[in-house]
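Residue numbers (full-length UniProt numbering): 1 to 150. By construction, the Cβ of each residue, glycine as well, lies at the ideal position given by its N, Cα and C atoms. Comments concern the structure below.
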């Protein structure tokens, strides 16, 4: 087992948890702001303008609530991953070392600590699933040589 790679996997996992918690807190604050604005808004004599503003605020609130729902689902996935667990083939929770970089099969967050965090249901994640060291994985005209999986 590559100790440095395992430590990297644990650091990336922690960073993913922290990123999702930060996003969640930001979205919760936005929802609180919408609620405060709705509570403080008084009906004006320009009724249509008031109703239009309220409808737009409601749509924005629904959008933020949807984003929060996605973040909560991602948080549930990332918290279900045991980063200390060694895996011999690429699966949810694997850190995959290739000659093209490192990939953490978890949730789609982009690059975290120099590692691309992607969901196993993303197209590249699906291509990497079940790969073992020594495999060659082709994706969109590129070949990824799998060096290590942990």
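query: Run through DSSP, which three-state label would residue 207 get?
result: Residue 207 is absent from the model: the chain starts at 1 and stops at 150.
task: Take the Cβ of residue 52 as the centre, count every other Cβ of all protein chains shown within 10 Å, and call the residue buried at 16 or more, exposed below.
output: exposed
- request: Along the beta strand (DSSP E) that carries residue 110, what are the first and last residues, could you check?
  value: 110 to 112
- request: Compute the beta-carbon to beta-carbon distance between residue 12 and residue 112, rounded to the nearest angstrom, for a pair I have assumed lies under 8 angstroms.
  value: 6 angstroms
message: With the cut-off set at 8 angstroms, would you say residue 120 and residue 129 are in Cβ contact?
response: yes
query: Does the distance from the C-beta atom of residue 24 to that of residue 60 stay below 8 angstroms?
result: no
- prompt: What residues in its chain sit with their C-beta under 7 angstroms from that of residue 57, if we drop five residues either side in the sequence?
  reply: 34, 37, 38
- prompt: Apart from the five residues on each side of it in sequence, which residues of its chain come closer than 7 angstroms, Cβ to Cβ, to residue 2?
  reply: 148, 150
message: By the DSSP assignment, the beta strand (DSSP E) with residue 87 in it spans what residues?
response: From DSSP, residue 87 is part of no beta strand (DSSP E); its letter is neither H nor E.
query: Under a three-way DSSP split, which group does residue 148 fall into?
result: strand
message: Relative to the C-alpha of residue 27, which candidate in 6, 54, 70, 15 has its C-alpha closest?
response: 70
- request: Use the C-beta contact count for residue 106: other C-beta atoms within 10 angstroms, 16 or more gives buried, fewer gives exposed.
  value: buried
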